[in-house]
Amino acid sequence: MGSNSVIDQKHKVVVGEGGYVLEDVPHFSDYIPDLPTHSNQLQDNPAYSVVKQYFVNEDDTVTQKIVVHKKSPKGIHFRRAGPRQKVWFESDEVHACIVTCGGLCPGLNTVIREIVCGLHYMYGVKKVEGIDGGYRGFYARNTISLNPKIVNDIHKRGGTILGTSRGGHDTSKIVDSIQDRGINQVYIIGGDGTQRGASLIFEEIKRRGLKVSVAGIPKTIDNDIPVIDRSFGFDTAVEEAQRAINAAHVEACSIENGIGVVKLMGRYSGFIAMYATLASRDVDCCLIPESPFYLEGPGGLFEYIEKRLKENGHLVLVIAEGAGQELLSESIPTEKEDASGNKLLKDVGLWISQKIKDHFAKLKKMAINLKYIDPTYMIRAVPSNASDNVYCTLLAQSAVHGAMAGYTGFTVGPVNGRHSYIPFYRITERQNNVVITDRMWARLLSSTNQPSFLSSKDVEDRRGQDCQATDEEIFSEDILVNKGISFM
Ligand SMILES: Nc1ncnc2c1ncn2[C@@H]1O[C@H](COP(=O)(O)OP(=O)(O)OP(=O)(O)O)[C@@H](O)[C@H]1O
Ligand SMILES: O=P(O)(O)OC[C@H]1O[C@](O)(CO)[C@@H](O)[C@@H]1O
Ligand SMILES: [Mg+2]
Numbered sequence: 001m002g003s004n005s006v007i008d009q010k011h012k013v014v015v016g017e018g019g020y021v022l023e024d025v026p027h028f029s030d031y032i033p034d035l036p037t038h039s040n041q042l043q044d045n046p047a048y049s050v051v052k053q054y055f056v057n058e059d060d061t062v063t064q065k066i067v068v069h070k071k072s073p074k075g076i077h078f079r080r081a082g083p084r085q086k087v088w089f090e091s092d093e094v095h096a097c098i099v100t101c102g103g104l105c106p107g108l109n110t111v112i113r114e115i116v117c118g119l120h121y122m123y124g125v126k127k128v129e130g131i132d133g134g135y136r137g138f139y140a141r142n143t144i145s146l147n148p149k150i151v152n153d154i155h156k157r158g159g160t161i162l163g164t165s166r167g168g169h170d171t172s173k174i175v176d177s178i179q180d181r182g183i184n185q186v187y188i189i190g191g192d193g194t195q196r197g198a199s200l201i202f203e204e205i206k207r208r209g210l211k212v213s214v215a216g217i218p219k220t221i222d223n224d225i226p227v228i229d230r231s232f233g234f235d236t237a238v239e240e241a242q243r244a245i246n247a248a249h250v251e252a253c254s255i256e257n258g259i260g261v262v263k264l265m266g267r268y269s270g271f272i273a274m275y276a277t278l279a280s281r282d283v284d285c286c287l288i289p290e291s292p293f294y295l296e297g298p299g300g301l302f303e304y305i306e307k308r309l310k311e312n313g314h315l316v317l318v319i320a321e322g323a324g325q326e327l328l329s330e331s332i333p334t335e336k337e338d339a340s341g342n343k344l345l346k347d348v349g350l351w352i353s354q355k356i357k358d359h360f361a362k363l364k365k366m367a368i369n370l371k372y373i374d375p376t377y378m379i380r381a382v383p384s385n386a387s388d389n390v391y392c393t394l395l396a397q398s399a400v401h402g403a404m405a406g407y408t409g410f411t412v413g414p415v416n417g418r419h420s421y422i423p424f425y426r427i428t429e430r431q432n433n434v435v436i437t438d439r440m441w442a443r444l445l446s447s448t449n450q451p452s453f454l455s456s457k458d459v460e461d462r463r464g465q466d467c468q469a470t471d472e473e474i475f476s477e478d479i480l481v482n483k484g485i486s487f488m
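First residue of the sequence shown? That's 1 in the UniProt record's numbering, and the numbers climb one at a time after it.
Here you go:
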């Protein structure tokens, strides 16, 4: 097989020498022949024309793996995001829309603002509409007209000015609405479920042969989207969580045998809890969905709490909402889903608080004073902090540049610090989780000094699973070879 040949049309995978793999994103030219292109008007923009090498070289790609060995294959790459010399739209031809879906997250309004302003100021696009209330707004609501004046101050507010929802994704109704309204750029801001929905919209648009760009901007406060370095709003959430942990610590310290329990978000992944714990230093124990724990007996949570209270006179426990769900379902067996099909969780914070109280009441020798703080929705509803605001601006501008350059069916995000266009399937095929056999979790364990709750057999099993996952990601060759693709 020659270098730079497309080896998998469905996924647009290109291989090169030395094990180089480009997981490219779709482009109009893949399915609509002979579309006219235009010079990018940014070259005449005084702000940009002075920038040396402002336009991204067509061949620039970003490597997924930065730690390499002498004999490592070059591995997976993604197309570098940024402005291109040629654009596939004229300014007055563009009719863009923006939709926000799923749970709230700090920074949503900043991304909306920067898409509107980016389109307007960089590309002279005047026609931008907001879709009201998530996916179902495409076919059930009127649109909201957006311009730089309307969005000027929205980054200072939490939430999303467009509204959001779960459920209601109907691919053909959504694409009918896009077609009927004459929309040709669709910016979709949302988490894993939203990006799955965006992928279906893109496939249907391609099937209908429409010149409509579908650009995803990944959003999830839980930071559980794979491939990208982190998701917007996460930094703000970790910072905001400090306030709750601080309050729990003050309460716990002020009374004999004080215990502060703080529940943080994280349905399937404990990133917020882990980073908030590492940042705070006041936390004695952090429990996350990825790390099973048990309450009773040697090495269990109760034993650790007793020991800590004896040593320090107080204890702060941070628990991610998805932690210990298997223990809860034993006592409260209900299986419910939200409108998007996400499992509805039981309140682990209340449950664990009650269990701790019951344990010490039974023990009789130690009277405890427990305060439970649930700041989850307060954390989610705040405006984004400075670093997330800058990050949101880059995401929005990268998405705009990609759509203008005729790319479609992509999600944008930083990979090892470089903004990239990533195909939808890479974002949706799995969730990002805390790897408890990795260094970061070890750092947390040594910072809190809490038990790992794992036997040596558990550690071996986990290590095996985690290695397998990492190898699959790093040595994409295996995956490609399974598809019948050979390497040079
Ligand atoms: N597999 C899927 N196919 C098509 N649409 C989907 C799919 N999963 C979810 N969606 C749609 O995407 C939207 C948001 O999904 P969901 O409620 O799961 O939130 P999310 O995007 O994962 O964000 P988060 O979990 O961070 O709050 C909903 O309108 C839902 O109908
Ligand atoms: O209560 P809602 O709005 O469904 O959102 C809750 C969920 O959204 C998230 O913030 C993001 O998926 C989860 O951590 C949380 O469980
Ligand atoms: Mg989700």
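Backbone N, C-alpha and C fix where the C-beta goes; we use that ideal spot for every residue, glycine too. What you are looking at is a predicted structure, and each value in this text was computed from that prediction instead of being measured.
Nearest to residue i by alpha carbon, out of the options?
i: S447; options: L278, D192, R308; result: L278
i: G130; options: V94, V227, Y187; result: Y187
i: L363; options: E303, S452, G349; result: E303
i: D461; options: I112, S291, V67, I228; result: S291
i: S29; options: E204, I150, S213, G163; result: S213
i: Y20; options: H77, I161, K12; result: H77
i: R267; options: Y391, L344, A244; result: L344
i: S165; options: A339, V415, E306, N432; result: A339
i: T437; options: L394, S452, G159; result: S452
i: I154; options: R113, A276, S145, G168; result: R113
i: V125; options: E429, V400, V412, V434; result: V400
i: L445; options: S231, N246, R281; result: R281
i: I288; options: G413, V14, G270, V68; result: G270
i: M440; options: A276, V13, Y31; result: A276
i: S254; options: D229, G313, R230; result: G313
i: M265; options: V50, N432, E326, P375; result: P375
i: V94; options: G158, K211, G163; result: K211
Suppose contacts are defined by Cβ-Cβ distances below 9 Å. Is residue i in contact with residue j by that definition?
i: A96; j: Q242; result: no
i: A273; j: I225; result: no
i: G216; j: T236; result: no
i: G190; j: G107; result: no
i: K219; j: C117; result: no
i: K206; j: P73; result: no
i: C286; j: R308; result: no
i: Y123; j: S91; result: yes
i: V348; j: L317; result: no
i: G197; j: T171; result: yes
i: K156; j: P383; result: yes
i: I221; j: I66; result: no
i: E23; j: K10; result: no
i: N109; j: I161; result: yes
i: S387; j: A81; result: no
So who's on the other strand from residue i, going by DSSP bridges?
i: H38; result: V87
i: Y407; result: H27
i: Y187; result: I98, A215
i: H419; result: P414
i: Y372; result: V261
i: Y20; result: G75
i: A320; result: L264
i: C285; result: L317
i: S145; result: E129
The beta strand (DSSP E) that contains residue i, what's its start and end?
i: Q43; result: Neither: Q43 is in no beta strand (DSSP E) and is coded neither H nor E.
i: A247; result: Looking at the DSSP string, A247 is not in any beta strand (DSSP E); the run it does join, the alpha helix (DSSP H), is 234–253.
i: V348; result: That residue, V348, is in no beta strand (DSSP E); its alpha helix (DSSP H) goes 348–363.
i: T160; result: From DSSP, T160 is part of no beta strand (DSSP E); its letter is neither H nor E.
i: F78; result: 75–80
i: V68; result: Looking at the DSSP string, V68 is not in any beta strand (DSSP E), and its letter there is neither H nor E.
i: V13; result: 13–15
Tell me whether residue i, by its Cβ, gets closer than 8 Å to a heavy atom of ligand 5.
i: D222; result: In the structure shown, ligand 5 is absent; the only ligands present are ligand 1, ligand 2 and ligand 3.
Taking the alpha helix (DSSP H) that residue i belongs to, which residues open and close that run?
i: Y304; result: 301–312
i: P148; result: 148–151
i: C117; result: 108–117
i: E203; result: 192–207
i: G270; result: Note, G270: premise wrong, no alpha helix (DSSP H); not H, not E.
i: G130; result: Per DSSP, G130 belongs to no alpha helix (DSSP H); it is in the beta strand (DSSP E), 128–130.
i: V51; result: First-last for V51: undefined, no H or E at that position.
i: A140; result: 137–140
Quick one: is residue i near chain D, going by C-beta distance under 9 Å?
i: V262; result: Protein chain content of the structure displayed is limited to a single chain, and chain D is not contained in it.
Q. Any chance the segment 172–182 sits against the segment 132–143, with 3 or more Cβ pairs inside 8 Å?
A. yes
Q) Using 8 Å as the Cβ pair cut-off and three pairs as the minimum, do the segment 68–87 and the segment 357–371 touch? A) no
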